[in-house]
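Remarks on the structure that follows.
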Amino acid sequence: MSNLLQVRVTGLLVEDGKILLVKQNVASDRKWSLPGGRLEQGETLEDAIVREIEEETGIATKVSKLLYICDKPDASPSLIHITFLLEKIGGEIRLPSNEFDSNPISGVEMVLIHDLVAHGFSEKFMTIVQNGFPESGSYKGLKSNIGL
(Lines of atoms letter the chains of each structure in order from A and count residues from 1; the text may use other names and numbers.)
(Lines give C-alpha, C1' and ligand atoms only; values in the text may rest on other atoms or scores of the structure.)
Protein backbone atom coordinates (compact mmCIF):
# COMPACT_ATOMS: atom_id res chain seq x y z
CA MET A 1 0.00 0.00 0.00
CA SER A 2 1.29 3.42 -0.97
CA ASN A 3 1.57 6.30 1.47
CA LEU A 4 1.52 8.84 -1.36
CA LEU A 5 -0.89 11.74 -1.22
CA GLN A 6 -1.58 14.34 -3.89
CA VAL A 7 -2.21 17.99 -3.09
CA ARG A 8 -4.08 19.88 -5.79
CA VAL A 9 -4.80 23.61 -5.76
CA THR A 10 -7.46 25.34 -7.84
CA GLY A 11 -8.30 28.98 -8.14
CA LEU A 12 -11.49 30.92 -8.65
CA LEU A 13 -11.16 34.25 -10.36
CA VAL A 14 -14.51 36.03 -10.52
CA GLU A 15 -14.93 39.36 -12.31
CA ASP A 16 -18.08 41.10 -13.56
CA GLY A 17 -20.30 38.05 -13.02
CA LYS A 18 -17.88 35.76 -14.87
CA ILE A 19 -15.55 33.00 -13.69
CA LEU A 20 -12.25 31.91 -15.25
CA LEU A 21 -12.35 28.36 -16.67
CA VAL A 22 -10.06 26.13 -18.71
CA LYS A 23 -11.19 23.56 -21.27
CA GLN A 24 -9.49 20.24 -20.66
CA ASN A 25 -10.62 16.60 -20.59
CA VAL A 26 -11.11 16.25 -16.83
CA ALA A 27 -14.08 13.87 -16.74
CA SER A 28 -16.34 12.13 -19.22
CA ASP A 29 -19.24 14.45 -18.38
CA ARG A 30 -17.29 17.70 -18.03
CA LYS A 31 -14.76 19.35 -20.34
CA TRP A 32 -14.37 22.66 -18.43
CA SER A 33 -12.71 23.04 -15.04
CA LEU A 34 -11.21 25.51 -12.63
CA PRO A 35 -7.58 26.23 -13.45
CA GLY A 36 -5.02 24.72 -11.12
CA GLY A 37 -2.76 21.77 -10.58
CA ARG A 38 -0.52 19.83 -8.26
CA LEU A 39 1.98 21.24 -5.81
CA GLU A 40 5.62 20.87 -6.78
CA GLN A 41 8.31 19.89 -4.29
CA GLY A 42 9.29 22.83 -2.06
CA GLU A 43 6.40 25.02 -3.21
CA THR A 44 3.87 26.77 -0.95
CA LEU A 45 0.16 26.51 -1.64
CA GLU A 46 0.07 30.18 -2.62
CA ASP A 47 3.08 29.88 -4.93
CA ALA A 48 1.53 26.81 -6.58
CA ILE A 49 -1.84 28.38 -7.40
CA VAL A 50 -0.30 31.64 -8.63
CA ARG A 51 2.10 29.65 -10.87
CA GLU A 52 -0.61 27.31 -12.18
CA ILE A 53 -3.01 30.15 -13.05
CA GLU A 54 -0.34 32.06 -14.94
CA GLU A 55 0.90 28.93 -16.75
CA GLU A 56 -2.60 27.80 -17.75
CA THR A 57 -4.31 31.13 -18.50
CA GLY A 58 -1.77 33.96 -18.82
CA ILE A 59 -3.39 35.81 -15.90
CA ALA A 60 -1.22 37.03 -12.99
CA THR A 61 -3.07 36.70 -9.68
CA LYS A 62 -2.72 36.90 -5.95
CA VAL A 63 -4.60 34.90 -3.34
CA SER A 64 -7.51 36.76 -1.69
CA LYS A 65 -8.64 33.99 0.63
CA LEU A 66 -8.99 30.28 1.20
CA LEU A 67 -12.35 29.02 -0.03
CA TYR A 68 -12.48 25.28 0.69
CA ILE A 69 -10.45 22.21 1.56
CA CYS A 70 -11.89 18.90 0.33
CA ASP A 71 -10.90 15.25 0.13
CA LYS A 72 -10.99 12.84 -2.78
CA PRO A 73 -9.93 9.59 -1.11
CA ASP A 74 -11.03 7.46 -4.09
CA ALA A 75 -8.37 9.07 -6.33
CA SER A 76 -5.16 7.15 -6.81
CA PRO A 77 -3.20 8.32 -4.91
CA SER A 78 -5.65 10.03 -2.54
CA LEU A 79 -6.13 13.73 -3.13
CA ILE A 80 -6.47 16.81 -0.96
CA HIS A 81 -8.12 19.57 -2.97
CA ILE A 82 -7.59 23.20 -1.85
CA THR A 83 -9.49 26.03 -3.56
CA PHE A 84 -8.57 29.71 -3.31
CA LEU A 85 -10.35 32.91 -4.33
CA LEU A 86 -8.01 34.94 -6.51
CA GLU A 87 -7.60 38.55 -7.52
CA LYS A 88 -6.25 39.51 -10.96
CA ILE A 89 -3.14 41.69 -10.85
CA GLY A 90 -2.13 41.57 -14.53
CA GLY A 91 -1.79 39.58 -17.71
CA GLU A 92 -4.15 38.71 -20.53
CA ILE A 93 -6.02 35.49 -21.26
CA ARG A 94 -4.09 33.17 -23.57
CA LEU A 95 -3.71 29.46 -24.21
CA PRO A 96 -0.79 27.74 -22.47
CA SER A 97 2.09 26.22 -24.42
CA ASN A 98 0.98 22.71 -23.34
CA GLU A 99 4.50 21.50 -24.17
CA PHE A 100 4.78 19.27 -21.09
CA ASP A 101 1.09 18.32 -20.73
CA SER A 102 -0.29 14.91 -21.59
CA ASN A 103 -3.79 16.42 -21.19
CA PRO A 104 -3.55 19.79 -22.97
CA ILE A 105 -5.77 22.80 -22.33
CA SER A 106 -7.69 23.73 -25.49
CA GLY A 107 -9.56 26.81 -24.24
CA VAL A 108 -9.43 29.55 -21.61
CA GLU A 109 -12.50 31.73 -21.05
CA MET A 110 -14.27 33.99 -18.61
CA VAL A 111 -17.72 32.33 -18.44
CA LEU A 112 -20.89 33.84 -17.02
CA ILE A 113 -21.56 32.30 -13.60
CA HIS A 114 -25.12 31.42 -14.60
CA ASP A 115 -23.66 29.41 -17.53
CA LEU A 116 -21.63 27.08 -15.26
CA VAL A 117 -24.15 24.24 -15.57
CA ALA A 118 -23.98 24.49 -19.38
CA HIS A 119 -20.21 24.04 -18.99
CA GLY A 120 -20.65 20.78 -17.02
CA PHE A 121 -20.63 22.10 -13.45
CA SER A 122 -23.30 21.11 -10.95
CA GLU A 123 -26.18 23.33 -9.85
CA LYS A 124 -24.77 23.03 -6.34
CA PHE A 125 -21.41 24.50 -7.35
CA MET A 126 -23.07 27.26 -9.39
CA THR A 127 -25.20 28.20 -6.36
CA ILE A 128 -22.12 28.32 -4.11
CA VAL A 129 -20.42 30.73 -6.53
CA GLN A 130 -23.58 32.85 -6.95
CA ASN A 131 -23.97 33.10 -3.16
CA GLY A 132 -20.41 34.37 -2.66
CA PHE A 133 -18.90 31.18 -1.24
CA PRO A 134 -20.78 30.65 2.02
CA GLU A 135 -18.74 28.74 4.57
CA SER A 136 -15.52 29.78 2.84
CA GLY A 137 -12.35 28.89 4.69
CA SER A 138 -13.83 25.61 5.87
CA TYR A 139 -13.14 21.92 5.50
CA LYS A 140 -15.95 20.45 3.38
CA GLY A 141 -15.18 16.72 3.54
CA LEU A 142 -15.64 15.00 0.20
CA LYS A 143 -15.07 17.10 -2.91
CA SER A 144 -18.60 16.24 -4.01
CA ASN A 145 -19.92 18.28 -1.05
CA ILE A 146 -19.15 21.46 -2.99
CA GLY A 147 -20.51 20.04 -6.20
CA LEU A 148 -17.19 19.22 -7.88
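Quick note on the UniProt record's numbering: the sequence shown kicks off at 1 and runs consecutively. From the three backbone atoms N, C-alpha and C, an ideal C-beta is built for every residue, glycine too. Since the model is a prediction, treat every value here as computed from it, not as a measurement.
### Message
Please report the distance separating the alpha-carbon of L20 from that of A118.
### Response
14 Å
### Best match in E56, L67, S144 for proximity to L79 [C-alpha to C-alpha]
S144
### Message
Given a cut-off of 7 Å on the beta-carbon distance, is the pair F84 and G11 in contact?
### Response
Yes; because the gap between Cβ atoms is below 7 Å, this pair is in contact.
### Message
Give me the DSSP bridge partner(s) of F121.
### Response
Per DSSP, none; premise fails for F121.
### Task
State yes or no: is the C-beta of V22 nearer than 6 Å to some heavy atom of the ligand SAM?
For the ligand SAM, the structure offers nothing, since it holds no ligand at all.
### Task
Specify, as a first and last residue, the run of the alpha helix (DSSP H) that A48 falls within.
Looking at the DSSP string, the run of the alpha helix (DSSP H) that includes A48 is 45 to 57.
### Message
Rounded to whole angstroms, what is the Cα-Cα separation between G90 and D74?
### Response
37 Å
### Message
For a test of the three-state rule: what should DSSP assign to I69, helix, strand or coil?
### Response
strand
### Task
Keeping to the same chain, check which residues put their C-beta closer than 8 Å to that of I59; ignore five residues upstream and five downstream.
L13, L20, I53, K88, G90, G91, E92, I93
### Query
Grouping DSSP H, G and I as helix and E and B as strand, with all else coil, what is Q41?
Note: Q41 maps to coil in three-state DSSP.
### Message
Can you check which of these residues, A48, G17, R8, is closest to K62 by C-alpha distance?
### Response
A48
### Message
Using 8 Å for Cβ pairs, my map puts R30 next to G120. What's the rounded Cβ distance?
### Response
3 Å
### Task
Return the residue from the list G42, P35, Y139 that minimises the CA-CA distance to V50.
P35
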